[in-house]
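Enquirer: This is the structure, below, for whatever I ask next.
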Ligand code: COI
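In the UniProt record's numbering, the protein residues as written are 1 to 358.
Here is the structure:
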């Protein structure tokens, strides 16, 4: 435990936004900051005003992409502020850091620092339907040197953004997904399983193309055969086939989503059969033709559970469940968000209350 984290007060506080928050558009008054250099290790944990930071134009993170991030949320219910499975995010950030040859962080220290930051910002946690405080921890290389080697200096920041639904509009709004058959996101042995900034950079061209054709996001196929489904731009993917929940097995190139993992656990408890396996894109269209593909949804921290209403692959476009969220999708959404928000019992101990630090 770090004790009370150093706190640098700002002169004036910002106006808080009201109404439709969108996603990741507003930022709170403060952020958590932690620095690393090879001699001192991680040091100088502090809560500082949210403001632009100074970095060397030669910072390695800007040139060679040593940058990883996480996403989690805080909810407010009956005055209590709660984080959802934050231990999982700090565990995963260490897996991502290790893959990019960046120094691991002390998970306990960070969780304690995050709780203190969220405590300071508890008035920023929105309580509206589908709203939460989105939390974005990230680490990037700051050493100003152009040689290609692991940086000796890094900065970790955690910024906070009161947010609503990722896709805008209502929660459970259906999305239109384009199955990408030209570009690939990741290959086994690469960095697909890690939450690294470059994976998202690599996805943008395909996403823009899909947006121009009227689709929200792309569904990636495997990088070798381009036959098996992997994940969507900002979420994992689930299919309801013959009443069973089917999702691509983690294979090294798919992000191990914390929402994905939670949904699998909850679905099994609710009595659904869940299969984690290779899912062929042809299999899905064949199942659709036989009337066996009845629901599709994505899962992610930002996206929560997002029903897919339309899937486009090559020259076919199929409409799932009349472009409406299906029964299983809704049941899982209600259960998952009910636990997150505190409206349903948390049997798993997934909710972590943010204490009031005096
Ligand atoms: C999240 O769901 O937290 C993500 O990181 C996905 C996206 C917003 C990049």
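For every residue, glycine included, the Cβ atom is placed at its ideal position computed from N, Cα and C.
With burial defined as no fewer than 16 other Cβ atoms inside 10 Å of the residue's Cβ, what is the status of residue 243: buried or exposed?
Expert: The residue in question, residue 243, is exposed, as its Cβ has fewer than 16 Cβ neighbours within 10 Å.
Enquirer: Go through the residues and name those whose CB comes closer than 5 Å to any heavy atom of the ligand COI, in chain order.
Expert: Counting every residue whose Cβ lies closer than 5 Å to a heavy atom of the ligand COI, we get 71, 234, 300, 301 and 302.
Enquirer: What is the rounded straight-line gap between the Cα of residue 205 and the Cα of residue 217?
Expert: Residue 205 and residue 217: Cα-Cα distance of roughly 11 Å.
Enquirer: If you follow the beta strand (DSSP E) that residue 74 is part of, which residue opens it and which one closes it?
Expert: First-last of the beta strand (DSSP E) with residue 74: 72-77.
Enquirer: Consult DSSP for residue 346 and reduce its assignment to one of helix, strand or coil.
Expert: Note: residue 346 maps to coil in three-state DSSP.
Enquirer: With 16 other CB atoms within 10 Å as the buried threshold, where does residue 229 fall?
Expert: By the neighbour-count rule (16 or more Cβ atoms within 10 Å), residue 229 is buried.
Enquirer: Starting from residue 221 and walking both ways along the alpha helix (DSSP H), at which residues does that stretch end?
Expert: Run containing residue 221: none in the alpha helix (DSSP H); it sits in the beta strand (DSSP E), 217-221.
Enquirer: Between the C-alpha atoms of residue 142 and residue 295, what's the straight-line distance to the nearest angstrom?
Expert: If I take the Cα positions, the gap works out to 45 Å.
Enquirer: With which residues is residue 318 paired in a DSSP beta bridge?
Expert: Beta-bridge pairing links residue 318 to 311.
Enquirer: Using C-beta distances below 7 Å, list every residue in its chain close to residue 187, excluding the 5 sequence neighbours before and after it, in chain order.
Expert: Only 223, 224 and 253 meet the Cβ criterion.
Enquirer: Using beta-carbon positions only, say whether residue 326 and residue 236 come within less than 8 Å of one another.
Expert: Not in contact: residue 326 and residue 236 (Cβ atoms no closer than 8 Å).
Enquirer: Excluding sequence positions up to five away, which residues of its chain have a Cβ less than 6 Å from the Cβ of residue 174?
Expert: If we look at residue 174 and ignore the five residues flanking it on each side, its Cβ neighbours are 307, 309 and 323.
Enquirer: Which word fits residue 302, buried or exposed, when buried means at least 16 other C-beta atoms lie within 10 angstroms of its C-beta?
Expert: With 16 or more Cβ atoms within 10 Å of its Cβ, residue 302 is classed as buried.
Enquirer: In angstroms with no decimal places, state the Cα-to-Cα distance between residue 79 and residue 123.
Expert: Going from the Cα of residue 79 to the Cα of residue 123 covers about 10 Å.
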